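Please read the structure below before turning to the comments.
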Amino acid sequence: MSRFTARKRWLMAGPWAHPKTGILYYRKATPPDLWAARDRLKEFGIKVTREVHRSLGTKDQRPAEQLYLKFASEQETKWQRWRDVLRQGPQPLDNKQINGLAADHARAFLAQHEDDPFEVSPPLPIPSLDDLDEAPLQKMVSGMSTEQLESLKANLKAHLKATPAQRRVLGVQLLRQHPEYASIIGVDFATALEAIHGADTDAAMKTRSVHTDPATRRLVNFAMANHMVNARRGIEARQGGDYGPIEALDRAPSFAATSSPAPAQGDYLSLTELLNHKARTTSIRPKTVSTTRSYLGKFIAFLGHDDAARVTKSDVRRWRDSLMEQTAPTLLPKTIDDSYISAVKSVLAHGVKEFDLPSNAASNIRDTRPSPAPMRSKGWSEAEAVQILKATFDGSSKALSTPHKRALFWVPWILAYTGLRASEVTQFRGRHLSKEGGVPHLIITPLDGNTKSGKAWAVGIHQHLIEMGFLDLITQVGDGPLFYEPYEDDTDLTKLDGRHRAKDAAERVSEWVREEVGLVAPPRAAQSCLASSVHHEKPRLPNGQGSP
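Under UniProt numbering, the first residue of the sequence shown is numbered 1, with each subsequent residue one higher.
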């Protein structure tokens, strides 16, 4: 892999789609500092790959992004532990920790299999020691007393006659009673223990995030042999219907990591928690929180961590550069500045203000490329506005629900006379029709769903809308929504779990304009130019034709 390719993968953020299956993946290149130290990490039993590659198990972008953030956080934590190992060296373990590590694994093994004890795989066989050099053994025997020889002979006979499970216990006893024997077969014995219990030790260390030196690992293997024998005895007891305590495992200690100095309060500032705190303590609108959270999540995924204190200008600059290079879709400079970078900047600013974050790393990072020249005006032309209003009398060729048929006719007209947003119109409910001094008003309120300011206000109903029958429509529908199927009576429209039906109605109108009227909507078109154009020409209802 070239350096360029490696660098590109390191900067890559967000779920990656498999070109054949479409399944989304978490992919991230191992940081260069850890890849360079891979041989040293291997000494601690840490296998380093060039790239981390994990399936997210879905083709759906939204759940994949959530899982991607989880994987990214876990992986960043793992990489940081590896750096700690490189900096501090292997973690020393005392005898209690060694036995606690092995005993915890043995207890977990017993708990996992005691419901179905007959389904447990048999233990791995003890490797043969046929190649053992006999000269040191003969020297040891020649120096023993008669009593020691008889003891060794009895132990060896018992070991040879025993079952494989019994041999594990007797082998440990033999080595304890004759330590000189252990030194003779030490290398072979360590190899055998690694073959039998190496996988158990790996699992135990991974569970506790322990990285230690080879000598300590051999001691853990030895302790694992002791405690797994007791776990196997427990399995045999369960097979016989005895579910009583296994005393040897109960007496064994549990693993407790060596305590390290606790970080001072405030050393770690989560970007996500900063946003949550801002949402709780300021007047920021829920929609703004939701939008900010979306862009902040993309930044966190790019970084691979959530620590505000570790964010640097270089991080934000790299993110901006990657956004500028993005082609699917291409992002405009205004979008990068006002949406992506602005989200990060606002969260970091809250950290500076409330939590003594030293500086705002996103400050003064902008996309200064010139914006592309506009292809047309921001709103509808007068001719386009009149075309849309006239088309409302023709309806749609599609089979639509009654509320959506109403929306196609009335929403363009209401937008033209009020300048409201489409979703503010489509969320309106009849109960919020008001009259003051004989003048009818629409009360636009967040109680119906949402408003940009988070506040309610009144909008007068134009006489032309009244002449077209809008008040009659409200009377006909009653207190409920005009443009979408109503929710259950006790539904809180400000706390919906999913998308508000009013937004679907607004989208129906947009689709109708694009697909059936044949116009591509410029930004902010419905609010601005429809409102001005309608005063120049007012298409009237054909004779005898009523509104939907």
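Cβ atoms here follow ideal geometry from the backbone N, Cα and C, with glycine treated the same way.
In this text the structure is predicted, and so the values were computed from the model without any measurement.
Alpha helix (DSSP H) segment containing residue i, residue limits
| i | result |
| --- | --- |
| V352 | 342 to 355 |
| L400 | Taken as a continuous stretch (DSSP letters only), L400 belongs to no alpha helix (DSSP H), as it is neither H nor E. |
| W380 | Neither: W380 is in no alpha helix (DSSP H) and is coded neither H nor E. |
| Y295 | 286 to 303 |
| S73 | 61 to 88 |
| residue 592 | Residue coverage of the chain in this structure runs from 1 to 548, which leaves residue 592 outside it and unanswerable. |
| E236 | 214 to 239 |
| I474 | 470 to 477 |
| A29 | Not the alpha helix (DSSP H): A29 falls in the beta strand (DSSP E), residues 24 to 29. |
| I98 | 95 to 113 |
| residue 552 | This structure cannot settle anything about residue 552, because the visible part of the chain is limited to 1 through 548. |
| V509 | 501 to 512 |
| L496 | Unbroken run through L496: none, as it is neither H nor E. |
| L34 | 32 to 36 |
| R320 | 313 to 325 |
Burial state of residue i, where buried means 16 or more other Cβ atoms lie within 10 Å
| i | result |
| --- | --- |
| R232 | buried |
| H18 | exposed |
| H404 | buried |
| K345 | buried |
| T445 | buried |
| P370 | exposed |
| G100 | buried |
| V520 | exposed |
| G14 | buried |
| R3 | Here R3 scores only 44 on pLDDT, less than 50, and its place in the model should not be relied on; the value that follows carries that caveat. When all chains shown are included, R3 counts as exposed. |
| P214 | exposed |
| S260 | Legend: pLDDT at S260 = 45, less than 50; position of this residue unreliable, value from coordinates given subsequently. Exposed, by the Cβ-count rule. |
| T163 | exposed |
| E76 | buried |
| Q97 | buried |
| L420 | buried |
| D321 | exposed |
Between the CA atoms of residue j and residue i - distance to the nearest angstrom
| i | j | result |
| --- | --- | --- |
| L323 | D315 | 12 Å |
| T335 | P440 | 39 Å |
| A157 | S151 | The sequence shown places Lys at residue 157, not Ala. If I take the Cα positions, the gap works out to 10 Å. |
| N221 | L303 | 38 Å |
| W16 | R218 | 41 Å |
| A505 | Y484 | 6 Å |
| R83 | E65 | 27 Å |
| L427 | L332 | Note on identity: in this sequence residue 427 is Gln, with Leu being the wrong assignment. Their Cα atoms are separated by approximately 31 Å. |
| M205 | F355 | 36 Å |
| V120 | H113 | 7 Å |
| T216 | P92 | 8 Å |
| T291 | W512 | 27 Å |
| G240 | D115 | 12 Å |
| W413 | A399 | 22 Å |
| W35 | T49 | 8 Å |
| R238 | R176 | 29 Å |
| P286 | K20 | 39 Å |
| K503 | F393 | 22 Å |
| P122 | D250 | 23 Å |
| I246 | N230 | 7 Å |
| G244 | F118 | 17 Å |
| L160 | R40 | 42 Å |
| R318 | T451 | 35 Å |
| P435 | V459 | Here the sequence assigns Lys to residue 435, which means Pro is not the residue at that position. Cα to Cα, the separation comes out at about 11 Å. |
Distance CB(residue i)-CB(residue j) smaller than 7 Å
| i | j | result |
| --- | --- | --- |
| L433 | I466 | no |
| A308 | L275 | no |
| residue 608 | A343 | There is simply no residue 608 to check, as the chain begins at 1 and stops at 548 in what is shown. |
| K78 | G22 | no |
| L348 | A328 | no |
| G437 | D479 | no |
| A225 | L174 | no |
| A385 | V517 | no |
| L110 | G198 | no |
| H462 | Y417 | yes |
| A29 | E51 | yes |
| L493 | D448 | yes |
| R81 | S209 | yes |
| A102 | A223 | yes |
| L86 | A154 | no |
Anticipated Cβ contact below 8 Å, residue i with residue j, distance rounded
| i | j | result |
| --- | --- | --- |
| H227 | A256 | Incorrect: roughly 16 Å between the Cβ atoms, too far for contact. |
| A407 | V509 | 6 Å |
| I341 | R310 | Rounded, the Cβ-Cβ distance is 18 Å, inconsistent with contact. |
| I196 | L271 | About 46 Å; that fails the 8 Å criterion. |
Segment limits, beta strand (DSSP E) that includes residue i
| i | result |
| --- | --- |
| Y484 | Unbroken run through Y484: none, as it is neither H nor E. |
| K435 | 433 to 436 |
| H53 | 51 to 55 |
| V459 | 457 to 460 |
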